[in-house]
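The block underneath contains the structure these notes are about, expressed in structure tokens.
4 protein chains.
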Amino acid sequence: MGKRSEETRQAILLAATKLFSKKGYEAVTMREIAKEAGCSHTTIYLYFKDKISLLQQLSMPSLQHLYQQLKEISSDESIASAEKLKAMSRQYLSFCLENQNMYSVFINARSGRVDEENPSLEVNQIRNMIFKELINAVSECLEIKDSETALAYTRIYYYSLNGILTTYAYMHESVEELMERLTPTFDLMAETFILGCIEKMKKGES
Amino acid sequence: MGKRSEETRQAILLAATKLFSKKGYEAVTMREIAKEAGCSHTTIYLYFKDKISLLQQLSMPSLQHLYQQLKEISSDESIASAEKLKAMSRQYLSFCLENQNMYSVFINARSGRVDEENPSLEVNQIRNMIFKELINAVSECLEIKDSETALAYTRIYYYSLNGILTTYAYMHESVEELMERLTPTFDLMAETFILGCIEKMKKGES
Amino acid sequence: MGKRSEETRQAILLAATKLFSKKGYEAVTMREIAKEAGCSHTTIYLYFKDKISLLQQLSMPSLQHLYQQLKEISSDESIASAEKLKAMSRQYLSFCLENQNMYSVFINARSGRVDEENPSLEVNQIRNMIFKELINAVSECLEIKDSETALAYTRIYYYSLNGILTTYAYMHESVEELMERLTPTFDLMAETFILGCIEKMKKGES
Amino acid sequence: MGKRSEETRQAILLAATKLFSKKGYEAVTMREIAKEAGCSHTTIYLYFKDKISLLQQLSMPSLQHLYQQLKEISSDESIASAEKLKAMSRQYLSFCLENQNMYSVFINARSGRVDEENPSLEVNQIRNMIFKELINAVSECLEIKDSETALAYTRIYYYSLNGILTTYAYMHESVEELMERLTPTFDLMAETFILGCIEKMKKGES
DNA sequence: TATGAATGAGCATTCATTCAT
DNA sequence: TATGAATGAATGCTCATTCAT
Chain A
1 MGKRSEETRQ AILLAATKLF SKKGYEAVTM REIAKEAGCS HTTIYLYFKD
51 KISLLQQLSM PSLQHLYQQL KEISSDESIA SAEKLKAMSR QYLSFCLENQ
101 NMYSVFINAR SGRVDEENPS LEVNQIRNMI FKELINAVSE CLEIKDSETA
151 LAYTRIYYYS LNGILTTYAY MHESVEELME RLTPTFDLMA ETFILGCIEK
201 MKKGES
Chain B
1 MGKRSEETRQ AILLAATKLF SKKGYEAVTM REIAKEAGCS HTTIYLYFKD
51 KISLLQQLSM PSLQHLYQQL KEISSDESIA SAEKLKAMSR QYLSFCLENQ
101 NMYSVFINAR SGRVDEENPS LEVNQIRNMI FKELINAVSE CLEIKDSETA
151 LAYTRIYYYS LNGILTTYAY MHESVEELME RLTPTFDLMA ETFILGCIEK
201 MKKGES
Chain C
1 MGKRSEETRQ AILLAATKLF SKKGYEAVTM REIAKEAGCS HTTIYLYFKD
51 KISLLQQLSM PSLQHLYQQL KEISSDESIA SAEKLKAMSR QYLSFCLENQ
101 NMYSVFINAR SGRVDEENPS LEVNQIRNMI FKELINAVSE CLEIKDSETA
151 LAYTRIYYYS LNGILTTYAY MHESVEELME RLTPTFDLMA ETFILGCIEK
201 MKKGES
Chain D
1 MGKRSEETRQ AILLAATKLF SKKGYEAVTM REIAKEAGCS HTTIYLYFKD
51 KISLLQQLSM PSLQHLYQQL KEISSDESIA SAEKLKAMSR QYLSFCLENQ
101 NMYSVFINAR SGRVDEENPS LEVNQIRNMI FKELINAVSE CLEIKDSETA
151 LAYTRIYYYS LNGILTTYAY MHESVEELME RLTPTFDLMA ETFILGCIEK
201 MKKGES
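For the protein sequence lines, the chains are A, B, C and D, in the order given. The first sequence runs 1 to 206 under full-length UniProt numbering. The second sequence runs 1 to 206 under full-length UniProt numbering. The third sequence runs 1 to 206 under full-length UniProt numbering. The fourth sequence runs 1 to 206 under full-length UniProt numbering.
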């Protein structure tokens, strides 16, 4: 429980976050992480069972933090529903840009192998909770009552968000720069989406 | 440049395409490709400098083929503009699902290393050409004259498409199954998008 | 199928045999074997799937050869039954001394883990066949008809043989030296055993 | 040399004995021993130079205890000489089964490395003393005067004992189960041996 | 053109051991 | 006396790549 211990742990976590984000989970080696963290590679195993466990422990707090932030926006009654959806989306976007690796591994569960052998329930759970918040926001914004419809529209909105991400995420720019560049596109997307949904539902009714 | 030579080259290309698509670039070994191609793994090096080079050379024809298909749809005057956009999108989707690996490596240039060391100009070029076709289709469909506006709207449409892809691409289902599952979502997305854009532009004008 | 290939394979086999015998399976590393064989450790994997597979492939021919030798003695009608048993025993002894590692790993299946995960059926099969030959020889020699009794006596004879082995096997002497030293002990043992069995059975009958 | 100190030492010794017996020397880690002993793995190094040293120090008392037990039986004049031999043998057998690891490492000095680097004189000494007790028991039982003859017969008896052991020792059964299974075989062996020796000596005399 | 043989660099992981407190 | 923190050396194994023919 010494101070030294926690420092090292944090150094490893920091190094891993940085490297995973930059190069992707598979491409990073334990020795690289150790070097970046300024310790021996065996030291990592003092704090984390194995490589995948390191990734998971590294991801959970971030995801939980994101979820908290979304919840907060969601429950803030002073914001109009359309603005709420936008605010949540922006939060989601900037989180994903900041945590590129987690994004690709967990949000999209890209790296097949990982989730097959390792259900990583915790991560999937929080992912579903985040998606549920999004459904709520979309339902509220579009005044949808039917849950099937809400799901369908949220899905395409969610895909659009992720589409923006995958296209920009790999770029070697700072999060700030990226957010600045992305904002107009994102705003247009959100507005178009909302208008499109309303229009589409009108037609469906008649 | 005998006949035999070209046959072997094609066999390798075919095998690599198949395996990369199925398992992803990293997960496939040169020996596997050779086995599938029915030659020795050393033979591959006669035709391709290294593994990454194989991937690149392998991608170009596919991309060119996709481009041709899109052009054909684009220049077919018998199809209504909205249907044209949808048809092109479906073509794009099924191409990406069929070539999951190229998709992730080239369309999105996801895997950092690749594009750092190797600008892969050719690939980027064709990628831009494909995007231009999409801009045309969107412009036509939404009757946009201004190229800036066209770009902005196409962008969000393109992101939405890619968003659908990244979310589904990793799933271990056949392309047919995936296309069937995706079609309703995709149709809803396309219609919502078109309606949304029209509505948005109306508002912008007034 | 080149000449080089078989040479290397044999070199590896030779090196492994030598090292396994000297230090035991677990204590020998693939790198050591490679060094002794004069090749890279990766080369070993060209010829043998993994370490355990190397051990098995290395053992089978020897065991088969031993079995053939025992069969030959067994079916030689010109030898008296007591001499036959002795001859077979001597063959078994010298085989085990020459192949110390196989002896400990397979005949006694000492290294628990190995045979749990890997039934190594082949090896167990031949081991049982060898034991069966021994039962025949003992039965013939002691004129035992009942198979239960034959088994019981063979068992204690077999244990005695192995007892001699385990006690001497580890010594760093040549097989010839060992055999010379062991022969009187072994002869005494065999004779005592035969006499003892006969006497014991007499008593049992009365 | 406080009381605490000796307690810890004993705890380590106890833990190591238990684990070595159960899993074998190589398979046990210092951390495991420490956990079982309820101390830090670094503490072990306060009391024992290294792992092998721990094994050696741990074995001596056990061997000494075995020796004492054998002496007691040996000097008990109320038991007939044949029964004495059997009783001592059974003691030896159950000791070896209970201490599989010590048995293989020290009695038979199986694991090459150990005795090369470390003559472990103490252990060999006690081993010889135990063997001498066995010679006495055999001499008495067979009424042998000549020490050469006594040695020869004891040797084959000892080998038979060890042969039984090596064949059964590796099995994953409890000592009780094993002893039960082994007793008939062992009794038959002992009786056959005694009868055989007597018979053999008769012949030798005439 | 083609390939079997061979290899160096690298991987995640484990372990006995030492250092600093 | 005791220990948490840290590590170097090693292990089995894989892979893209090169060499010699």
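Note that the Cβ used here is the ideal one computed from N, Cα and C, for glycine as well. Please read all numbers here as calculations on a predicted model, not as lab measurements.
Query raised in the report: Where does TYR45 of chain C fall in DSSP's three states?
Result: In the third sequence, residue 45 of chain C corresponds to position 45, counting from 1. Note: TYR45 of chain C maps to helix in three-state DSSP.
Query raised in the report: Using a beta-carbon distance cut-off of less than 7 Å, what residues from the region 149-182 of chain C approach chain D?
Result: ALA152, ARG155, ILE156, TYR159, SER160, LEU161, ASN162, GLY163, ILE164, THR166, THR167, TYR170
Report task. Could you pull out every residue in the same chain whose Cβ sits closer than 6 Å to the Cβ of LEU85 of chain D, ignoring the five residues on either side in sequence? Result -> Here residue 85 of chain D corresponds to residue number 85 of the fourth sequence, with the count starting at 1. So the qualifying residues of the chain are ALA137, CYS141.
Report task. Taking only the alpha-carbon atoms, compute the straight-line gap between GLN57 of chain B and ASN124 of chain B and give it to the nearest angstrom. Result -> As a working mapping, residue 57 of chain B is identified with position 57 in the second sequence. As a working mapping, residue 124 of chain B is identified with position 124 in the second sequence. Looking at the two C-alpha atoms, the distance is approximately 13 Å.
Requested in this report: Just tell me which of A:LEU66, A:LYS71, A:TYR25, A:TYR159 has its CA closest to the CA of ASP50 of chain A.
Outcome: Residue 50 of chain A sits at position 50 when you count from the first residue of the first sequence. Taking only the C-alpha atoms, the option nearest ASP50 of chain A is A:TYR25.
Requested in this report: Mind the definition here: the region 183-201 of chain C touches the region 187-201 of chain D only if three or more C-beta pairs lie below 8 Å; say whether that holds.
Outcome: yes
Query raised in the report: Considering only the beta carbon of each residue, do TYR47 of chain C and THR8 of chain C sit closer than 9 Å?
Result: Locating residue 47 of chain C in the third sequence gives position 47, counting from the first residue. Locating residue 8 of chain C in the third sequence gives position 8, counting from the first residue. Yes, these two residues count as a Cβ contact at 9 Å.
Query raised in the report: So is ALA80 of chain C buried or exposed if we call it buried at 16+ other beta carbons inside 10 Å?
Result: The residue labelled residue 80 of chain C in the question sits at position 80 within the third sequence. By the 10 Å Cβ count, ALA80 of chain C comes out exposed.
Query raised in the report: Between the region 39-58 of chain B and chain A, which residues of the former have a C-beta closer than 8 Å to a C-beta of the latter?
Result: none
Requested in this report: Establish whether the CB of MET129 of chain D and some CB of chain C are separated by less than 9 Å.
Outcome: Position 129 of the fourth sequence holds residue 129 of chain D. MET129 of chain D does not count as touching chain C.
Query raised in the report: Just reading off the alpha helix (DSSP H) that ALA27 of chain B is part of, what are its end residues?
Result: Translated into the one-based positions of the second sequence, residue 27 of chain B becomes position 27. Note, ALA27 of chain B: premise wrong, no alpha helix (DSSP H); not H, not E.
Report task. Whole angstroms is fine: what's the gap from ARG90 of chain A's alpha carbon to LYS203 of chain B's? Result -> Sequence index remark: in the first sequence, residue 90 of chain A carries index 90 (1-based). Sequence index remark: in the second sequence, residue 203 of chain B carries index 203 (1-based). Near 23 Å, if we compare the C-alpha coordinates of LYS203 of chain B and ARG90 of chain A.
Query raised in the report: Can you find a CB in chain C that lies within less than 9 Å of the CB of ILE194 of chain D?
Result: Here residue 194 of chain D refers to the residue found at position 194 when the fourth sequence is read from its first residue. ILE194 of chain D counts as touching chain C.
Report task. State whether the region 128-137 of chain B contacts the region 60-79 of chain B, with contact taken as three or more CB pairs (one from each stretch) at a distance under 8 Å. Result -> yes
Requested in this report: Report the rounded CA-to-CA distance for GLY38 of chain B versus ALA11 of chain B, giving the unit in angstroms.
Outcome: Position 38 of the second sequence, counting from 1, holds the residue named residue 38 of chain B. Position 11 of the second sequence, counting from 1, holds the residue named residue 11 of chain B. Their Cα atoms are separated by approximately 8 Å.
Requested in this report: Report back the beta-carbon spacing between LEU182 of chain C and LEU93 of chain C to the nearest angstrom; my notes put them in contact at under 8 Å.
Outcome: If you number the third sequence from 1, residue 182 of chain C lands on position 182. If you number the third sequence from 1, residue 93 of chain C lands on position 93. At roughly 7 Å, the Cβ-Cβ gap stays under 8 Å, so LEU182 of chain C and LEU93 of chain C are in contact.
Requested in this report: Alpha carbon to alpha carbon, how far is MET189 of chain C from ASN162 of chain C? Give it in angstroms, no decimals.
Outcome: The residue you call residue 162 of chain C lines up with position 162 of the third sequence. The residue you call residue 189 of chain C lines up with position 189 of the third sequence. Taking the straight line joining both Cα atoms gives about 12 Å.
Query - Assigned exposure category for ARG4 of chain A - 16 Cβ within 10 Å defines buried - result: On the first sequence, position 4 is the one that residue 4 of chain A refers to. ARG4 of chain A comes out exposed.
Query raised in the report: What is the rounded straight-line gap between the Cα of SER139 of chain D and the Cα of ARG31 of chain C?
Result: Position 139 of the fourth sequence, counted from the first residue, corresponds to residue 139 of chain D. Position 31 of the third sequence, counted from the first residue, corresponds to residue 31 of chain C. Their Cα atoms are separated by approximately 51 Å.
Query raised in the report: Start and end of the alpha helix (DSSP H) containing SER89 of chain A?
Result: Along the first sequence, read from residue 1 onward, the residue named residue 89 of chain A stands at position 89. Per DSSP, SER89 of chain A belongs to the alpha helix (DSSP H) from 81-98.
**Report entry** Given MET60 of chain B as reference, the closest of B:GLU77, B:ALA150, B:LYS22, B:LEU14 once Cα atoms are compared
**Finding:** Residue 60 of chain B sits at position 60 when you count from the first residue of the second sequence. Nearest option by C-alpha distance: B:LEU14.
Query raised in the report: Around the C-beta of ASN128 of chain A, are 16 or more other C-beta atoms found within 10 angstroms, so that it is buried, or is it exposed?
Result: Looking up residue 128 of chain A in the first sequence gives position 128. Result: exposed.
Query - Three-way DSSP call (helix, strand, coil) for GLU143 of chain A in this model - result: By one-based count along the first sequence, residue 143 of chain A stands at place 143. The answer is coil: DSSP assigns GLU143 of chain A none of H, G, I, E or B.
Report task. Would you kindly check if the distance between the Cβ of PRO184 of chain A and the Cβ of ALA152 of chain B is under 9 Å? Result -> Here the question's residue 152 of chain B lines up with position 152 in the second sequence. Here the question's residue 184 of chain A lines up with position 184 in the first sequence. Against a cut-off of 9 Å, the Cβ pair of PRO184 of chain A and ALA152 of chain B comes out as a contact.
Requested in this report: Give the DSSP-derived three-state secondary structure of ASP76 of chain D in the structure shown.
Outcome: Locating residue 76 of chain D in the fourth sequence gives position 76, where the first residue counts as 1. ASP76 of chain D: coil per DSSP, three-state reduction.
Query raised in the report: In whole angstroms, what is the alpha-carbon distance linking LYS35 of chain B and LYS22 of chain B?
Result: By one-based count along the second sequence, residue 35 of chain B stands at place 35. By one-based count along the second sequence, residue 22 of chain B stands at place 22. Each residue's Cα considered, the two are about 15 Å apart.
Query - Proximal residues of chain B, C-beta to C-beta of GLU191 of chain A below 8 Å - result: Walking along the first sequence from the start, residue 191 of chain A turns up at place 191. Within 8 Å Cβ-Cβ: GLY196, LYS200.
Query raised in the report: Can a CB atom of chain C be found closer than 9 Å to the CB of LYS132 of chain D?
Result: Here the question's residue 132 of chain D lines up with position 132 in the fourth sequence. With 9 Å as the cut-off, LYS132 of chain D does not count as an interface residue toward chain C.
Query raised in the report: With a cut-off of 9 Å, does the C-beta of LYS203 of chain C fall near any C-beta of chain D?
Result: As a working mapping, residue 203 of chain C is identified with position 203 in the third sequence. Output row for LYS203 of chain C: interface = yes.
Report task. May I ask you to report which of helix, strand or coil DSSP gives PRO119 of chain D? Result -> As a first step, residue 119 of chain D must be located in the fourth sequence, where it is residue number 119. Interpretation of PRO119 of chain D is limited by its pLDDT of 42, a score under 50 that renders its predicted location unreliable; no figure is taken from the coordinates.
Report task. Return the CA-CA distance between SER53 of chain D and ILE126 of chain D, expressed in angstroms with no decimal places. Result -> On the fourth sequence, residue 53 of chain D is found 53 positions in, with the first residue counted as 1. On the fourth sequence, residue 126 of chain D is found 126 positions in, with the first residue counted as 1. Rounded to whole angstroms, SER53 of chain D to ILE126 of chain D spans 17 Å at the Cα level.
Report task. Compare the C-beta of LEU93 of chain D with all C-beta atoms of chain C and state if any pair is closer than 9 Å. Result -> Position 93 of the fourth sequence, counting from 1, holds the residue named residue 93 of chain D. False, the Cβ-Cβ gap to chain C never drops below 9 Å.
Report task. For residue 209 of chain D, collect the residues of the same chain with a Cβ closer than 6 Å to its Cβ; drop the 5 residues on either side in sequence, then sort them by chain order. Result -> One cannot answer for residue 209 of chain D here, as it falls past the ends of chain D, which runs 1 to 206.
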